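One structure is given below, encoded as structure tokens.
Numbering (my numbering), first residue to last: 86 to 495.
Take a look at the structure:
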């Protein structure tokens, strides 16, 4: 499905309810599989979370999670502790190019039996589950926080709990904190002192109802819309002021674009007034929130301002190499942009080429990050259905803010 996007107005007023956080949902779905007396409300309807649900309940021996990177990493640990169950965990061709060796080696040190079916260090994996009694392991902390969270989620079910020592600077720390906070909310004791995390073994937990907060990554695209509008008044639900999600830093970041956020009891209101002041150049370290880099880069380009974004090293191993993808697509639109393996520099530019086709590279965030640009010029999104990975209702919700889509043939 290819869509041409145009905007009906640049004075935006809308109210949108957004599905639960994919990050919270996937953690809680796995914990629910370990502790069935957890009840979940507002679970994400994303492809990734649906893949997680299916994988946790299937009796199949071959489990294909397609493009779901978080699901691959979390399930690698989960199936390692399913005693007497043997499965093969695989995914898309891109998934088979995404490294997983650091997590596999850590699990092997705990006693897990995992073999590579094709290429060393990459999926697919053959996993033979068993009871793991070892409880100490070290892990490089600067590659992906999902490796750490994957271990922490199974930690309370390990025979002797887990002592996890982190080596080096921690990437995406808020996601790690989210995992520990969710464990704490369920009554699972843990500590995080200096670079050592300890999780106490927990056989059972009390009945617990958990409400998943709506997804801040999804909210970021509405901040992108507000940034490119003349005026905006957008209400999103359901959100908390004290969020566990790292991408909630978008509230502070988008002040650079003259946008203010008001918190209601269970919602946020995104406000941009006419002639609001914006920064002339933006410098940000996104080490702890790299997933919003694409949205920010497009917001800067659409406003004709420059930016220098750092802390982006994990973007090269996502659904696509997001840094190179951004460089290619923004250049096609008329931008001057430079990227390294961990930084992005965009130079101010007034020109936006119209009716450019944006390739999405099987990456949901490429489609969604570029959609707000329709407020400035007509834009085409190839393979627009890719948004279902994290936000199936995205195009429907875009219509609520006046961004209309029309299908077109290649």
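Beta carbons: idealized from backbone N, C-alpha and C, even for Gly. From a predicted model like this one, the values you see are computed outputs, not experimental measurements.
| Item | Value |
| --- | --- |
| Segment limits, alpha helix (DSSP H) that includes residue 491 | From DSSP, residue 491 is part of no alpha helix (DSSP H) but of the beta strand (DSSP E) over 488-492. |
| Three-state secondary structure assigned by DSSP to residue 317 | strand |
| Straight-line Cα distance separating residue 475 from residue 441 | 24 Å |
| Burial state of residue 264, where buried means 16 or more other Cβ atoms lie within 10 Å | buried |
| Three-state secondary structure (DSSP) of residue 295 | strand |
| Own chain, CB closer than 8 Å to residue 392, minus 5 neighbours either side, in chain order | 366, 367, 368, 369, 381, 382, 385, 429, 430 and 431 |
| Closer than 8 Å to chain C by CB, residue 475 | Absent from the structure is chain C; it holds one protein chain and no more. |
| Exposure of residue 124, with buried meaning 16 or more beta-carbon neighbours within 10 Å | exposed |
| Integer Cβ distance of residue 452 from residue 424, believed to fall under 8 Å | Incorrect: roughly 20 Å between the Cβ atoms, too far for contact. |
| 6 Å Cβ shell around residue 462 - same chain, five flanking residues per side excluded | 437 and 439 |
| Contiguous beta strand (DSSP E) assignments of at least 3 residues, all confined to the stretch 208-292 | 210-213, 221-225, 247-252, 275-278 and 281-284 |
| Sub-8 Å separation of residue 346 and residue 355 beta-carbons | yes |
| Nearest-angstrom beta carbon gap, residue 208 and residue 157 [assumed within contact, 8 Å] | 6 Å |
| Beta strand (DSSP E) runs contained entirely in the stretch 373-407, provided each spans 3 or more residues | 391-395 |
| With 16 other Cβ atoms within 10 Å as the buried cut-off, status of residue 349 | exposed |
| Cβ neighbour criterion (16 or more within 10 Å) applied to residue 180 | buried |
| Which of helix, strand or coil DSSP assigns to residue 175 | strand |
| Euclidean distance between Cα positions of residue 408 and residue 448 | 12 Å |
| The stretch 266-273 touching the stretch 108-125, judged by at least three CB pairs closer than 8 Å | yes |
| Exposure label - residue 396; buried when at least 16 CB within 10 Å | buried |
| Inter-residue spacing [alpha-carbon to alpha-carbon] between residue 250 and residue 281 | 5 Å |
| Supposed contact pair residue 322 and residue 351 - C-beta distance, whole angstroms, cut 8 Å | 6 Å |
| Inter-residue Cα distance where the pair is residue 88 and residue 480 | 10 Å |
| Expected contact under 8 Å - CB spacing of residue 105 and residue 300 to nearest Å | 7 Å |
| Touch test, the stretch 207-226 against the stretch 235-255, Cβ-Cβ under 8 Å, three pairs minimum | yes |
| Coil, strand or helix - residue 454 by DSSP | helix |
| Residue 140, enclosing alpha helix (DSSP H) - first and last residue | 132-142 |
| Integer-rounded CB distance, given that residue 189 should sit under 8 Å from residue 239 | Residue 239 to residue 189, Cβ: 14 Å. No contact. |
| Given 8 Å, three or more beta-carbon pairs between the stretch 125-134 and the stretch 309-318 | no |
| Residue 214 versus residue 244: straight-line alpha-carbon distance, rounded | 14 Å |
| Buried or exposed by the 16-neighbour rule on C-beta atoms within 10 Å, applied to residue 410 | buried |
| Residue 435 - containing beta strand (DSSP E), residue span | Taken as a continuous stretch (DSSP letters only), residue 435 belongs to no beta strand (DSSP E), as it is neither H nor E. |
| Contact set for residue 473: own chain, Cβ-Cβ below 6 Å, skip 5 residues either direction | 132 |
| Cβ-based burial, residue 482 [other Cβ within 10 Å; buried from 16] | buried |
| Nearest to residue 219 (by Cα), restricted to the options 192, 199 and 235 | 192 |
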